[in-house]
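Notes to accompany the following structure.
Number of protein chains: 2
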Amino acid sequence: MSLRHVLLGMLIEPASGYDLRKSFEEGARHFWSARLSQIYPTLQGMERVGWLRSREEASEKGPVRRVYERTAEGTRALYDWLSDGPVVGQERFAYIGQLVFMGELGDLDRTAEFIKKLRERLEGTLAALEGPAHLMRDAFEKDANALGVIEFHYLLSMEMGVRSLRAKVGWCEDCLDMIREKQEAEARHG
Amino acid sequence: MSLRHVLLGMLIEPASGYDLRKSFEEGARHFWSARLSQIYPTLQGMERVGWLRSREEASEKGPVRRVYERTAEGTRALYDWLSDGPVVGQERFAYIGQLVFMGELGDLDRTAEFIKKLRERLEGTLAALEGPAHLMRDAFEKDANALGVIEFHYLLSMEMGVRSLRAKVGWCEDCLDMIREKQEAEARHG
DNA sequence: ATGACCATGTAATCCGTTACATGATTCG
DNA sequence: CGAATCATGTAACGGATTACATGGTCAT
């Protein structure tokens, strides 16, 4: 029950479904994702329950745009969600499951291959985040007033992404070391 | 399409739905979660497609247990999944969204409160993981042969949980510092 | 006898993905 | 002329949560 709230948060300014998808691709990648085919019906549902209102708007290129904006009720729903305290759900990490169950195969070389691939992926995501995060962090360090409150919150969230990705990449390195160590021990007298 | 695979992985030995829930609560908390009401129909579905077979078994306390075990096909499906390479999905972190959108409120004290609550939760989860992870890590460091291959894989996965939770707790601390810094800057000449 | 734990499930609803369907404009 | 981008949606299916429904055993 959270995509609705994420969309509410993004609708600090009126936007169409198509615009919002760009927000997911550019801004929100590191904490949420959604497809157009989910965004459109969700917006319709939010309008039905009175959280949003919409109007049609001509576009230069392409068909008419349906632009949504929050109603007072929608804003209340957003603020209620923010007041709920941190929603720390049951996050799901399929790749950790894969790693655990790979134990059954008993092939440490294969496990090492798996972790190398994982490290690559994580490094890719990290690289994409580090640039923009670094820029904002520099600005903030030079002058803590350089960023507005909204940008500042955005910086905090990007730092989270960077930190936890770095920790995961570090974990990959250490895993590879531990695997080598185990292989050597097994070769000696396992 | 992954709960099925997680259940397959857990069924290295025959187990009932009820047993499997315990595996989620004890062993798999840090990477997956599932309710009984999802587990039961999923097992039934897996039996229908031939990944599992089941038999009834008397229980000392309570009603008859339905115990599932993997078929050869189920084992193949599991190994195929493991061969797919790391499934790095679009993880969703609702609390990061909450933090970002809290920018709109423009109340840094409230943001600080939010982060303190979040830190508490993360520390709780971390504390629960660190004990068992520490025990295994010690055993491994004394003798890399002390752990069997399956336990070793389990250690790797717990280390991941510990690492990324520590990184997140560290991020909470730094956020609080940055918020103080920003508040002071604003007081000076914002 | 009350509550915790054992044990299984169904039904309604909602959330999310994949695939399908359409059509205009702009840039190379 | 073809590909990318703009722009909106529906349909079918599958994954997940919440609530409902039942009943036995064991310890205090």
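So the sequences go chain by chain: A and B.
Counted from 1, the first sequence has number 54 at position 55 by numbering that gives the first Met the number 0; the numbering is strictly sequential.
Counted from 1, the second sequence has number 64 at position 65 by numbering that gives the first Met the number 0; the numbering is strictly sequential.
We treat Cβ as the ideally placed atom computed from N, Cα and C, and that holds for glycine.
Query raised in the report: Do three or more CB pairs link the region 159-171 of chain A to the region 131-138 of chain B at distances below 8 Å?
Result: No, they do not touch.
Report task. Enumerate in chain order the residues of its own chain whose CB-to-CB distance from E56 (chain A) is below 6 Å, with the five nearest sequence positions on each side excluded. Result -> R64, V66
Report task. Would you verify that the beta carbon of H152 (chain B) is, or is not, closer than 8 Å to some beta carbon of chain A? Result -> Taking Cβ atoms only, chain A reaches closer than 8 Å to H152 (chain B), which makes this a yes.
Report task. Drop a sphere of 10 angstroms on the beta-carbon of A71 (chain B), count the other beta-carbons inside from all chains shown, and report buried for 16 or more, exposed for fewer. Result -> exposed
**Report entry** Residues of its chain near L146 (chain B), where Cβ-Cβ distance is below 7 Å and the 5 sequence neighbours each way are ignored
**Finding:** Here the set comprises M135, A138, F139, L154.
Query raised in the report: Counting Cβ pairs closer than 8 Å, one from the region 103-117 of chain B and one from the region 79-90 of chain A, do we hit at least three?
Result: yes
Query raised in the report: Cβ of W80 (chain A) less than 8 Å from any chain B Cβ?
Result: yes
Requested in this report: Compute the Euclidean distance between the alpha carbons of K167 (chain A) and F92 (chain A), then round it to the nearest angstrom.
Outcome: 12 Å
Query - Cα-Cα separation, P40 (chain A) to Y78 (chain A) - result: Those two C-alpha atoms are separated by around 23 Å.
Report task. Determine, using beta-carbon pairs with one atom in the region 169-189 of chain A and one in the region 43-60 of chain A, whether at least three such pairs fall under 8 Å. Result -> no
Report task. Give the residues of chain B in contact with S1 (chain A), contact being defined as C-beta atoms less than 7 Å apart. Result -> A93
Requested in this report: Could you pull out every unbroken alpha helix (DSSP H) segment of at least 4 residues lying fully inside the region 13-79 of chain B, listed in chain order?
Outcome: 16-22, 35-47
Report task. Helix, strand or coil for G105 (chain B), going by three-state DSSP, please let me know. Result -> coil
Report task. Identify the contact partners of E185 (chain A) in chain B, using a Cβ-Cβ distance below 7 Å as the criterion. Result -> Around E185 (chain A), the beta-carbon contacts reaching into chain B at under 7 Å are N144.
Query raised in the report: Whose CA, out of B:R20, B:E122, B:E12, lies closest to the CA of L2 (chain B)?
Result: B:R20
Query raised in the report: Between which two residues does the alpha helix (DSSP H) harbouring I178 (chain A) extend?
Result: Counting along the chain, the alpha helix (DSSP H) containing I178 (chain A) begins and ends at 148-188.
Requested in this report: Inspect the CB distances between the region 24-43 of chain A and the region 2-11 of chain A and report whether three or more fall short of 8 Å.
Outcome: A contact between stretches requires three or more CB pairs, one per stretch, nearer than 8 Å, and the region 24-43 of chain A meets this requirement with the region 2-11 of chain A.
Report task. Please list the partners that I149 (chain A) has in chain B, where partner means a Cβ-to-Cβ separation under 7 Å. Result -> Within 7 Å Cβ-Cβ: G102, E103.
**Report entry** Proximal residues of chain B, C-beta to C-beta of W31 (chain A) below 7 Å
**Finding:** R91, G96
Query raised in the report: What is the DSSP secondary structure of G88 (chain A), counted as helix, strand or coil?
Result: DSSP places G88 (chain A) in coil when its eight states are reduced to three.
Query raised in the report: Using 8 Å as the limit for Cβ to Cβ distance, is S156 (chain B) near chain A?
Result: yes
Query - Where M0 (chain A) falls: helix, strand or coil (DSSP) - result: coil
Query raised in the report: Cα-Cα, which of A:A76, A:E180, A:E119 is closest to Q97 (chain B)?
Result: A:A76
Report task. Please compile the residues from chain B whose C-beta is within a distance smaller than 8 Å of the C-beta of K60 (chain A). Result -> For K60 (chain A), there are no neighbours in chain B by C-beta distance under 8 Å, as the nearest C-beta there is about 29 Å away.
Query raised in the report: In whole angstroms, what is the alpha-carbon distance linking M101 (chain A) and S22 (chain B)?
Result: 17 Å
Requested in this report: Report yes if the CB atom of A143 (chain B) is closer than 8 Å to the CB atom of E12 (chain A), and no otherwise.
Outcome: no
Query raised in the report: M157 (chain A): which of A:A126, A:E172, A:E103, A:A14 sits nearest, CA to CA?
Result: Closest by alpha carbon: A:A126.
Query raised in the report: So which residues on chain B does S163 (chain A) lean against when the C-beta distance must stay under 8 Å?
Result: S163, A166, K167, W170
Query raised in the report: If you draw a straight line from the alpha carbon of S32 (chain B) to that of Y94 (chain A), how long is it in whole angstroms?
Result: When rounded, the separation of the alpha-carbon atoms in S32 (chain B) and Y94 (chain A) is 14 Å.
Query - Contacts around R118 (chain B), its chain only, beta-carbon distance under 7 Å, and the 5 residues preceding and following it disregarded - result: V168, C171
**Report entry** CB of V148 (chain A) within 8 Å of CB of G105 (chain B), strictly
**Finding:** yes
Query raised in the report: Using the beta-carbon of each residue, which ones in chain A are nearer than 9 Å to K116 (chain B)?
Result: Those are G84, P85, listed as they occur along chain A.
Requested in this report: Grab me the residues of D173 (chain A)'s own chain with a C-beta within less than 7 Å of its C-beta, minus the 5 sequence neighbours each way, in chain order.
Outcome: Only residues of its own chain outside the window of five on either side were considered, and among them none has a CB closer than 7 Å to the CB of D173 (chain A).
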